[in-house]
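In this note's numbering, the protein residues as written are 253 to 572.
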């Protein structure tokens, strides 16, 4: 496979996953506002959390003076100067898809192009929370269509492996960053604190695609450490850390026909190191703080990303 094709597949997949993750975070927050209709919750929730997970907080304050709902949504969803905004990510996805239209299914191109056009024509100003949430739901539906087309139509060859690299690495990265931010957030003393705690961790599970499956396994009992253990170590959850690391190793094995040589040894070692870090049964077994553990996983994600680029001569297409 040409490195330019591998490059486009990797960054297409990574940025589509990034756009979906940001959309999910924003949608869950808006749904929370609509369902609770509680100005106290709205005031005390820190919109800066979303920027810390999905963007650059330093760059945010270079653009905006206040970290409120309107500015965060504008920055994470529409800001062209933010390379991690939904708008920027989908622009990158489209440019990469356009470059390899002969490689991907035509249905995939049509979904990506339609999503790009809908984002470009969305009226940013003067919209209600309900309209914004409908817009985010549309993006999620398009993302699900994208995933379904890849699963249903793409051959399991080299192209599919590079798509898996981008998808599962970005999903793992966002999982660890989200948990790192949310696990250490303190819930202040308020009336009906148990209800607030339940709502808070329900939102975390929803943001990471694990709410319904968690309830099926643990019923209505939501306990923070149990939630985090589930999202990190449960091998049956498609968005867990363990599941995504194993999919990265699977993609590597398919690409290299289950062999390792001097050329690919560095990447394989980093993937194996990452697997070792998510092979516990519980966070109780780790010897460092939970914050340092998530920082360790994020660093390994960065190391794996660099190793993928070095091994297969990939570069990054910047946001437009």
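Glycine residues also receive a C-beta, built at the ideal position from the N, C-alpha and C atoms. A quick note: this is a predicted structure, and the numbers were derived from the prediction, not measured.
Can you tell me whether residue i is helix, strand or coil according to DSSP?
{"i": "residue 561", "result": "helix"}
{"i": "residue 530", "result": "coil"}
{"i": "residue 554", "result": "helix"}
{"i": "residue 331", "result": "coil"}
{"i": "residue 319", "result": "coil"}
{"i": "residue 420", "result": "helix"}
{"i": "residue 490", "result": "coil"}
{"i": "residue 516", "result": "coil"}
{"i": "residue 472", "result": "coil"}
{"i": "residue 343", "result": "helix"}
{"i": "residue 379", "result": "coil"}
{"i": "residue 481", "result": "helix"}
{"i": "residue 308", "result": "coil"}
{"i": "residue 436", "result": "coil"}
{"i": "residue 444", "result": "Note on residue 444: pLDDT 49, under 50, position unreliable in the model; the coordinate value appears next. Reduced to three states, the DSSP call for residue 444 is coil."}
{"i": "residue 454", "result": "helix"}
{"i": "residue 388", "result": "helix"}
{"i": "residue 505", "result": "helix"}
{"i": "residue 396", "result": "helix"}
Is residue j closer than 8 Å to residue i when the C-beta atoms are compared?
{"i": "residue 422", "j": "residue 269", "result": "yes"}
{"i": "residue 264", "j": "residue 418", "result": "yes"}
{"i": "residue 307", "j": "residue 327", "result": "yes"}
{"i": "residue 530", "j": "residue 485", "result": "yes"}
{"i": "residue 462", "j": "residue 483", "result": "yes"}
{"i": "residue 433", "j": "residue 305", "result": "yes"}
{"i": "residue 559", "j": "residue 505", "result": "no"}
{"i": "residue 371", "j": "residue 338", "result": "yes"}
{"i": "residue 364", "j": "residue 398", "result": "yes"}
{"i": "residue 436", "j": "residue 311", "result": "no"}
{"i": "residue 465", "j": "residue 489", "result": "yes"}
Within the same chain, show all residues whose beta-carbon is closer than 8 Å to that of residue i, passing over the 5 residues directly before and after it, in chain order.
{"i": "residue 366", "result": "394"}
{"i": "residue 553", "result": "421, 424, 425, 428, 526"}
{"i": "residue 500", "result": "416, 417, 420, 421, 424, 523, 526, 556"}
{"i": "residue 385", "result": "279, 282, 283, 286"}
Excluding sequence positions up to five away, which residues of its chain have a Cβ less than 7 Å from the Cβ of residue i?
{"i": "residue 512", "result": "520"}
{"i": "residue 348", "result": "260, 263, 264, 569"}
{"i": "residue 361", "result": "349, 353"}
{"i": "residue 258", "result": "414, 564, 566"}
{"i": "residue 495", "result": "487, 489"}
{"i": "residue 275", "result": "338, 388, 391, 392"}
{"i": "residue 223", "result": "Absent from the structure is residue 223, since the part of the chain shown begins at 253 and ends at 572."}
{"i": "residue 659", "result": "The displayed coordinates of the chain run from 253 to 572. Any statement about residue 659 would go beyond what the structure contains."}
Return the chain-ordered list of same chain residues with a C-beta closer than 6 Å to the C-beta of residue i, the five sequence neighbours on each side being excluded.
{"i": "residue 406", "result": "412"}
{"i": "residue 341", "result": "267, 270, 271"}
{"i": "residue 497", "result": "526, 527, 530"}
{"i": "residue 273", "result": "426"}
With a threshold of 7 Å, establish whether the CB of residue i neighbours any heavy atom of the ligand NAP.
{"i": "residue 495", "result": "Absence of the ligand NAP is noted for the structure shown, with no ligands found whatsoever."}
Kindly indicate if chain B contains any beta-carbon less than 8 Å away from that of residue i.
{"i": "residue 466", "result": "Checking the listed chains, one finds no chain B in this structure; it contains a single protein chain."}
Three-pair Cβ contact test at 8 Å for the stretch 348-356 versus the stretch 372-381: no
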